[in-house]
Each structure stands twice: as C-alpha cells, then as structure tokens.
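Peer 1: After the structure tokens below, expect a handful of questions from me.
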Amino acid sequence: WTAPYSARSAWRVDITRAGCDRAAKAGKPTPGEVLAPSAALVFPTLRALKAASTDAERDSIWTGYRAAYLDEIRARWRGGRRAEIEALLERPHVVLVCFCVGASRCHRTIAAEILAKIGAGIGARYHGEIQSARP
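According to this note's numbering, the sequence shown holds residues -14 to 120 in order.
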C-alpha cells in the first residue's frame, strides 16, 4: 500500500528523504531509505514544481523526475543495495509513506510499483493508496 505521511500503521515505512535523514541522525532504523529519492533529485524538483505556472510545465517536470527516480532505484538495485529492497519484500505488509498530497505524482506510487514488479515471483502486489490507519 501507499499513503500520505500522516497515515499511521504498524506497517508504515517512511520513504522520504527528510524523514529518513532525520531518523538516521536520531539513531533510528531507516528501512525505507533505499527508496527515498536523493536530495540532489527531490529538492530541485520540488522547487521547480512550485515555480511552474502551467500544467504542461508540471507534467514535464514530473516526467523528468520519474525517469531520474527510476534511474536512482535501478542504480541502487545494481549497486549493492539489493538486499535492502528485498528486505522490504520479505515483510508481510508494507505501507510506503511520503509527504506528497496526491499519489498520482508521487514517488511512493513509483516505489510501490517497483516493489510489486520485483516481488511478483513471491506474490508481492501493490494494493493502492489508503487514507486511514488501516491496513
């Protein structure tokens, strides 16, 4: 599943750059960090989206962000972080959360689709967006 950051669930996994960095500084586990976009990708993209004045501009920015995020995850998969991604797939349930308001232009949805694709052989599925504490 995916959900807004405010969702509470025992299965909640923060995949935000800011949240993972904050948790790491506090010495807390960051299992979702492997799916968090890099600061070099996410913060300039957020600034560009905020500055965009048309839907066409926002679509173009999102298309570029999506491709770059997929490249980052592929590089992590190939570059020695495969075990971290597989560890998420070993969990019985996962709810990927981030700060984005909607799931349609959000890396949590891309990440969920990636996990479902990688884990298809073991029955992993993306169940969609939730708004409440359950699942």
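C-beta atoms are modelled at their ideal positions from N, C-alpha and C, and glycine is treated no differently.
Quick check: what's the CA-CA separation for residue 1 versus residue 82?
Peer 2: By 1-based counting over the sequence shown, the position of residue 1 is 16. By 1-based counting over the sequence shown, the position of residue 82 is 97. Whole-angstrom Cα-Cα distance: 7 Å.
Peer 1: From what residue to what residue does the alpha helix (DSSP H) around residue 5 run?
Peer 2: Start at 1 with the first residue of the sequence shown, and residue 5 comes out as number 20. Unbroken alpha helix (DSSP H) run through residue 5: 2 to 10.
Peer 1: Under three-state DSSP, which class holds residue 15?
Peer 2: Counted from its first residue, the sequence shown places residue 15 at position 30. If DSSP states are grouped into helix, strand and coil, residue 15 belongs with coil.
Peer 1: Just the C-alpha distance for residue 99 and residue 7, rounded to the nearest angstrom, thanks.
Peer 2: Translated into positions along the sequence shown, residue 99 becomes position 114. Translated into positions along the sequence shown, residue 7 becomes position 22. Cα-Cα distance, rounded: 25 Å.
Peer 1: Count the other CB atoms, across all protein chains shown, that sit within 10 Å of the CB of residue 108; report buried if there are 16 or more and exposed otherwise.
Peer 2: Your numbering for residue 108 matches position 123 in the sequence shown. With fewer than 16 other Cβ atoms within 10 Å, it is exposed.
Peer 1: Quick one, which of 105, 112, 20 has its alpha-carbon nearest residue 69's?
Peer 2: Translated into the one-based positions of the sequence shown, residue 69 becomes position 84. When only C-alpha atoms are compared, the closest one is 20.
Peer 1: On a CA-only basis, which of 63, 54, 17 is nearest residue 72? Give me that one, please.
Peer 2: Translated into the one-based positions of the sequence shown, residue 72 becomes position 87. Taking only the C-alpha atoms, the option nearest residue 72 is 17.
Peer 1: Would you kindly check if the distance between the Cβ of residue 101 and the Cβ of residue 121 is under 8 Å?
Peer 2: The requested residue 121 does not occur in the structure, where the chain is confined to residues -14 to 120.
Peer 1: To which residues of the same chain is residue 114 closer than 8 Å at the C-beta, ignoring the five residues directly before and after it?
Peer 2: The count along the sequence shown starts at 1 and reaches residue 114 at position 129. Within the same chain, residue 114 has close Cβ partners -14, -13, -12, 88, 94.
Peer 1: For residue 92, count neighbouring C-beta atoms within 10 Å of its own C-beta (all shown protein chains included) and say buried if the count is 16 or more, exposed if not.
Peer 2: In the sequence shown, residue 92 corresponds to position 107, counting from 1. Label assigned to residue 92: buried.
Peer 1: Locate the alpha helix (DSSP H) running through residue 94, then write down its first and last residues.
Peer 2: The residue labelled residue 94 in the question sits at position 109 within the sequence shown. Where residue 94 is concerned, the enclosing alpha helix (DSSP H) stretches over 92 to 103.
Peer 1: Indicate the three-state DSSP secondary structure (helix, strand or coil) for residue 109 in the structure shown.
Peer 2: As a working note, residue 109 is residue 124 in the sequence shown. Correct three-state label for residue 109: coil.
Peer 1: Roughly how many angstroms lie between the CA atoms of residue 59 and residue 67, to the nearest whole one?
Peer 2: For the purposes of this step, residue 59 is identified with residue 74 of the sequence shown, where counting begins at 1. For the purposes of this step, residue 67 is identified with residue 82 of the sequence shown, where counting begins at 1. In a straight line, the C-alpha of residue 59 is about 9 Å away from that of residue 67.
Peer 1: Can you tell me whether residue 96 is buried or exposed? The criterion is at least 16 other CB atoms within 10 Å of its CB, across all chains shown.
Peer 2: Here residue 96 refers to the residue found at position 111 when the sequence shown is read from its first residue. Buried, by the Cβ-count rule.
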